[in-house]
Structures are given as C-alpha cells and as structure tokens.
Amino acid sequence: MKKILGLLFSAMLLVSCHTDKTQRNYEYFPDMYYAVGYETYQAVPFLPNGTAAGIPAEHTIARGHIPYELDNTVDGKIASRTQPNRIVDFDDKAAASGKALYGVYCATCHGTKGDGQGTLVQREKILGVPSYADAARDITVGSTYHVIYYGINAMGSYASQLNENERWLVANYVMQLKQELTK
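For reference, each letter of the sequence shown is one residue, going 765 to 947 in my numbering.
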C-alpha cells in the first residue's frame, strides 16, 4: 500500500513540475482557482423559489429604523401640525443636545437665534430664509419635524444626517427659539 501511495505521489510530483511553459498545467482543485460569484440581486438556485439574495423579506423594517407615517404631500404637512411631540421631557440636557445639532445643521442658514440671518444669508449665498418669529410661520413641533424629514422649498431633507431622536431634539429646540423670538 505504501508503495502504491509513494508511486502515486511521485507521479503527481512529476506532473506538477511540468517544464513546458507554453502549455497549461493540470488543475487538481479548479474551484480554488475559479470562484463561483453571485451578483447581489440575481436569483440564486439554492435559495427557496429562486429568490434573490440581499432583498429583505416583505413587511420588515431595518434595525434601528422607525418609518415616518406621514407622506411628503400637502395633506401630510397639514397632518404633521397636530402630530404629538415624541420627546416628553425636553430638559436642559436635551435642549443642549438640540442646540448643538441645530448649530451644526441649521444655524448656517437660519441663524443661531432662528432669525433667518445665518452666515450664508449674510453673505447673500441664499435668500429668503424667514425668521421663526414671523406671524405667517405658524409652526409646531410636528410640522418642524416634517420639514426636517422631507425638506421644503430650497431646504433639503436632513433625514439621512439626523436620526429620529435627533430630529425631534432639533424640532423642540426650534420651538424654544421661536418662543424666545416672540417674547
């Protein structure tokens, strides 16, 4: 038995040390040389019903994501005015967090006081940013959240930059600025 294994090993060694460089050598395990790759959303034969890999199951929600129930329509904007505040206790710590987020994302246009005199407005890079104290701007916490989520007019959406809790913190801080401006 040892002689047969030795002879087989010697034959493999001779074949593997093929000296003719113009011809291909033998491949004993071709799967190691040529990997079977699957496209991200192609039908995969070993999955049930030939479903595509990477597509989430129906009626599932990504971890850490809470869908916003209001649409980006006029009716959704009107409905957002009566939306309840998700932050029950807007204490000093929450106000400080909201102020810091507002300073990063909002103050360059809306100003640190919410008067519509941010750096970009003063340099005349953008125009028409209203003050939170304007009588025509009858905003609520829910409508502010809706605008942060979807954007409005020249203001884009900040849904990808701020998570749900941060959007509520900024919306509550905006209402605090509005109260300070209307005093």
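All residues carry an ideal CB built from backbone N, CA and C; glycine is no exception.
| field | Selection from P820, C873, T876, G906 that minimises the alpha carbon distance to R845 | value | Here residue 845 corresponds to residue number 81 of the sequence shown, with the count starting at 1. The shortest Cα separation from R845 among P820, C873, T876, G906 belongs to G906.
- Quick one: Cα of S895 to Cα of T946, how far? The sequence position of residue 895 within the sequence shown is 131, counting from 1. The sequence position of residue 946 within the sequence shown is 182, counting from 1. Going by the C-alpha atoms only, they are around 10 Å apart.
- Any idea which residues DSSP pairs I912 with across the strands? Within the sequence shown, numbered from 1, the residue matching residue 912 stands at position 148. Partner(s): none; I912 has no beta bridge.
### Straight-line gap, P794 to I768 (C-alpha atoms, nearest Å)
The residue given as residue 794 occupies position 30 in the sequence shown. The residue given as residue 768 occupies position 4 in the sequence shown. The straight-line gap from Cα to Cα measures roughly 25 Å.
| request: Could you name the residues of the same chain whose beta carbon sits closer than 7 Å to that of S921, not counting the 5 residues immediately before and after it, in chain order? | output: Walking along the sequence shown from the start, residue 921 turns up at place 157. Once the five neighbours on either side are set aside, the close Cβ partners of S921 are Y913, Y914, G915.
| field | M919, DSSP secondary structure in three states | value | Position 155 of the sequence shown, counted from the first residue, corresponds to residue 919. M919 falls in the strand class under three-state DSSP.
query = Given 8 Å as the limit, is there contact between the stretch 866–875 and the stretch 922–941, that is, 3 or more CB pairs closer than that?
reply = yes
- Spatial distance of Q940 from T904 (CA atoms): Translated into the one-based positions of the sequence shown, residue 940 becomes position 176. Translated into the one-based positions of the sequence shown, residue 904 becomes position 140. Looking at the two C-alpha atoms, the distance is approximately 11 Å.
- [ ] Taking 9 Å as the cut-off, decide whether the C-beta atoms of I851 and N929 are in contact.
- [x] As a working mapping, residue 851 is identified with position 87 in the sequence shown. As a working mapping, residue 929 is identified with position 165 in the sequence shown. Yes, these two residues count as a Cβ contact at 9 Å.
N927 in three-state terms, based on DSSP = Here the question's residue 927 lines up with position 163 in the sequence shown. In the structure shown, N927 sits in coil (DSSP, three-state: anything other than H, G, I, E or B).
Quiz item: Helix, strand or coil: which one does DSSP assign to P849?
Solution: Taking the sequence shown and counting its residues from 1, the one referred to as residue 849 is at position 85. The question names Pro, but residue 849 is Asn in the sequence shown. N849: coil per DSSP, three-state reduction.
*In the structure shown, what three-state DSSP assignment does M765 receive?*
Taking the first residue of the sequence shown as position 1, residue 765 is located at position 1. M765: coil per DSSP, three-state reduction.
Worksheet item: Buried or exposed: which applies to Y866, given that a residue is buried once 16 or more other Cβ atoms fall within 10 Å of its Cβ?
Response: Against the sequence shown, residue 866 aligns to sequence position 102. That one is buried.
- Query: Mapping DSSP to helix, strand and coil, what is L834?
  - Reply: One-based indexing of the sequence shown puts residue 834 at position 70. L834: coil per DSSP, three-state reduction.
(request) Using three-state DSSP, classify Y896 as helix, strand or coil. (result) Start at 1 with the first residue of the sequence shown, and residue 896 comes out as number 132. Coil, per DSSP.
Through-space distance from G882 to V889, alpha-carbon basis:
In the sequence shown, the residue the question calls residue 889 occupies position 125. In the sequence shown, the residue the question calls residue 882 occupies position 118. Reading off the sequence, residue 889 comes out as Lys, not Val. Going from the Cα of K889 to the Cα of G882 covers about 10 Å.
Practice problem: Answer with buried or exposed for Q847, where buried requires no fewer than 16 other C-beta atoms within 10 angstroms of its C-beta. | Solution: Mapped onto the sequence shown, residue 847 falls at position 83. With 16 or more Cβ atoms within 10 Å of its Cβ, Q847 is classed as buried.
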